[in-house]
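Participant: Following this message is one structure expressed as structure tokens.
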């Protein structure tokens with residue numbers, strides 16, 4: 516890895532960067548960078564087709580700002596718990612790590628619950644993937660994000676189970692950190708979606 | 618970032634190196650700030666007419682974007698520890714972000730992003746456009762030619778429309794002038810007053826600019842490139858494809874409504890529906906959005922051409938009504954739930970008048 520950016524690393528970091536563990540983290544950052552572009556394409560598509568639906572329901576008819584604010588807050592707080600979980604595993608505090616990780620997965624599930632409720636409500640109101648441009652782009656964008664959240668919840672639960680299967684070492688802190696990076700990324704994508712899709716619609 | 622409790626970091630070498638100063642207290646502080654920002658964002662939208670009535674729509678849009686960018690950066694810097702971590706990570710992530718943001722900018726430059734335009738439009742105009750329905754601007758394909766029209770213009774800031782204008786054509790094609798039917802030449806400079814959009818069958822992408830040239834040249838007696846015309850041509854205006862539609866065949870010009878229906882009924886089916894084709898036309902290009910697929914003039918697009926003599930599912934009133942009520946395979950949606958019975962009868966009348974037109978015209 517050090518050959519990738521020879522001039523950048525301070526001397527004391529070089530030893531860490533040459534381990535295979537750091538490679539995994541670098542790969543995660545590269546994946547997140549590519550995922551950024553993926554979501555930019557979806558958000559861009561949503562914005563371009565925004566307001567071009569020929570038949571209803573239209574965004575202002577059915578988007579619910581208070582509800583979505585709550586679910587946004589839940590996701591933000593899950594990010595906060597993720598930081599605590601990483602902090603705990605770094606200190607080898609396994610009980611707290613389990614508590615916070617369970618908290619993250621729980622909050623993530625609540626967010627997904629909000630999304631399932633929202634989707635069901637929208638379909639009930641007549642907005643489907645095929646109904647209009649708003650439906651197609653909205654469900655594709657938020658659905659893709661929901662899949663990311665689902666994967667994150669499963670990932671964190673698998674780390675939680677791992678902590679019961681075998682003793683966690685400080686080596687596992689990197690695994691938790693990488694899962695955390697993914698989780699925070701899912702959170703920042705939602706920060707953008709919340710503004711671009713929900714809030715801006717009602718200005 | 619204050620160096621707060623360094624407590625037990627020492628037992629983990631890596632953590633001690635990379636994460637000194639990141640204490641739980643600091644994370645709580647960040648989480649509280651993030652929560653507060655989320656509430657402010659919510660309040661900006663929810664209470665924009667009360668608490669934030671002093672802010673214009675543009676200002677609210679600005680603050681929403683700014684606040685979400687602040688949240689984004691805070692999470693990346695402090696929760697993802699990018700700030701303390703190796704710069705290689707920052708480099709990769711930043712280049713991804715640059716491409717992502719560049720994609721967004723490119724898309725909003727190539728297309729009209731409605732929310733940017735709306736933020737600069739007075740509320741009452743938005744309400745008006747919403748009420749009257751956008752489809753007049755030819756929603757899906759219309760933004761190229763819409764640089765000329767009212768509805769779209771109010772939604773798009775001039776800085777954006779300017780970008781969509783096509784370069785002024787160097788040659789004024791005689792055929793383009795001849796597209797204007799002789800009967801349609803009326804008082805000069807009234808292009809925008811005609812209420813219609815310059816829908817040109819093959820030259821839709823020519824947009825407003827050609828007409829701009831036509832109008833300029835008709836007023837100044839010169840073609841845009843500076844070539845003088847022999848004599849100032851008569852003022853030219855555009856055909857109004859919507860207004861003339863039901864009345865196009867000369868035989869039907871007396872009473873556009875009833876006669877058109879009768880002609881169509883005699884040709885396409887066994888009975889006329891008794892609806893009002895003018896009201897049907899308004900629904901066709903307006904509220905129901907039929908024009909989005911069948912074209913502004915019914916000439917077809919994604920959906921079939923309605924002006925020819927061919928009826929895929931039957932041209933009599935009952936068949937068309939059935940089509941409208943319950944839809945047809947292949948994409949025709951059911952409008953039974955959206956349109957009232959009376960509206961469907963009007964639409965049937967209008968659609969029949971379209972079909973009769975093509976058949977008797979050729």
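Protein chains in written order, with my numbering: chain A, 516 to 718; chain B, 618 to 979.
Every residue, glycine too, gets a C-beta built ideally from N, C-alpha and C.
Residues in its own chain within less than 7 Å of residue 664/A by CB, not counting five upstream and five downstream?
Facilitator: 623, 626, 627, 701
Participant: Along chain A, which residues have their Cβ under 8 Å away from the Cβ of residue 957/B?
Facilitator: Those within 8 Å of residue 957/B in chain A number zero; the least Cβ separation is about 15 Å.
Participant: Going by CA-CA distance only, name the one from 707/A, 657/A, 609/A that's closest to residue 678/A.
Facilitator: 609/A
Participant: Span of the alpha helix (DSSP H) holding residue 936/B?
Facilitator: 934-943
Participant: The alpha helix (DSSP H) spanning residue 585/A covers which residue range?
Facilitator: 580-605
Participant: Please classify residue 696/B as buried or exposed, where buried requires at least 16 neighbouring CB atoms within 10 angstroms.
Facilitator: buried
Participant: My guess is that residue 711/A and residue 720/B are in contact by the Cβ rule of under 8 Å, so how many angstroms apart are they, rounded?
Facilitator: In fact, because the Cβ distance is near 13 Å, the residues do not count as touching under 8 Å.
Participant: Using C-beta distances below 7 Å, list every residue in its chain close to residue 616/A, excluding the 5 sequence neighbours before and after it, in chain order.
Facilitator: 600, 671, 674, 675.
Participant: If you measure between the beta carbons of residue 921/B and residue 970/B, is that distance less than 8 Å?
Facilitator: no
Participant: From the beta carbon of residue 682/B, is the nearest beta carbon of chain A less than 8 Å away?
Facilitator: yes
Participant: May I ask you to list, following chain order, the residues of the segment 899-932 of chain B that have a beta carbon less than 7 Å from some beta carbon of chain A?
Facilitator: Correct list: 906, 909.
Participant: Determine which residues of the segment 544-564 of chain A have a Cβ less than 9 Å from any Cβ of chain B, and write them out in chain order.
Facilitator: 544, 545, 547, 548, 549, 550, 551, 552, 553, 554, 555, 556, 558, 559, 560, 562, 563, 564
Participant: What number of angstroms, rounded off, separates the C-alpha of residue 716/A from the C-alpha of residue 575/A?
Facilitator: 7 Å
Participant: In whole angstroms, what is the alpha-carbon distance linking residue 519/A and residue 645/B?
Facilitator: Bear in mind that a pLDDT of 47 at residue 519/A, under 50, signals an unreliable position, so the model cannot answer this.
Participant: Measuring straight from C-alpha to C-alpha, what distance separates residue 547/A and residue 911/B?
Facilitator: 43 Å
Participant: Would you call the CB atoms of residue 668/B and residue 676/B closer than 8 Å?
Facilitator: no
Participant: Out of curiosity, what's the CA-to-CA distance linking residue 641/A and residue 955/B?
Facilitator: 11 Å
Participant: Can you list, in chain order, the residues of its chain whose CB lies under 7 Å from that of residue 690/A, leaving out five sequence neighbours each side?
Facilitator: 674.
Participant: Please report the distance separating the alpha-carbon of residue 582/A from that of residue 692/B.
Facilitator: 22 Å
Participant: Between the segment 585-597 of chain A and the segment 640-657 of chain A, do at least 3 Cβ pairs fall closer than 8 Å?
Facilitator: no
Participant: Looking only at its own chain, which residues have a Cβ that is under 8 Å from the Cβ of residue 612/A, when we skip the five neighbours before and after it?
Facilitator: 600, 603, 604, 678, 683, 691
Participant: Taking residue 706/A as the query, report the chain B residues whose CB atoms sit under 8 Å from its CB, ordered along the chain.
Facilitator: 685, 688, 689, 692
Participant: If contacts are defined as beta-carbon pairs under 8 Å, then residue 698/A and residue 710/B qualify, I think. What distance do you get, rounded to the angstrom?
Facilitator: Residue 698/A to residue 710/B, Cβ: 15 Å. No contact.
Participant: Note down, in chain order, every chain A residue with its Cβ under 7 Å from the Cβ of residue 650/B.
Facilitator: Neighbours of residue 650/B on chain A: none; closest Cβ ~10 Å, over 7 Å.
Participant: Between the Cα of residue 565/A and the Cα atoms of 961/B, 900/B, 728/B, 902/B, which residue gives the shortest distance?
Facilitator: 728/B
Participant: Do you know offhand how far residue 707/A's Cα is from residue 713/A's?
Facilitator: 10 Å
Participant: Is residue 713/B close to chain A, meaning its C-beta is less than 8 Å from at least one C-beta of that chain?
Facilitator: Taking Cβ atoms only, chain A reaches closer than 8 Å to residue 713/B, which makes this a yes.
Participant: Can you give the Cα-Cα distance for residue 950/B and residue 909/B, rounded to whole angstroms?
Facilitator: Those two C-alpha atoms are separated by around 12 Å.
Participant: Short of 8 Å in beta carbon distance, which residues of its chain neighbour residue 560/A, apart from the five on each side in sequence? Order them along the chain.
Facilitator: Correct list, in chain order: 652, 655, 656.
Participant: Along the chain, where does the alpha helix (DSSP H) that runs through residue 698/A open and close?
Facilitator: 687-708
Participant: Please return the same chain residues whose Cβ sits closer than 7 Å to the Cβ of residue 918/B, not counting the five positions on each side in sequence.
Facilitator: 910, 911, 912
Participant: Once DSSP output is grouped into helix, strand and coil, what is the label at residue 697/B?
Facilitator: Residue state for residue 697/B is assigned as coil, using DSSP reduced to three classes.
Participant: Looking at chain B, is there any beta carbon in it that lies within less than 8 Å of the beta carbon of residue 684/A?
Facilitator: So, not an interface residue.
Participant: What three-state label does DSSP hand residue 552/A in the structure shown?
Facilitator: helix
Participant: So what does DSSP say about residue 543/A, is it helix, strand or coil?
Facilitator: helix
Participant: Terminal residues of the continuous alpha helix (DSSP H) containing residue 929/B?
Facilitator: Careful: residue 929/B lies outside any alpha helix (DSSP H) and carries neither H nor E.
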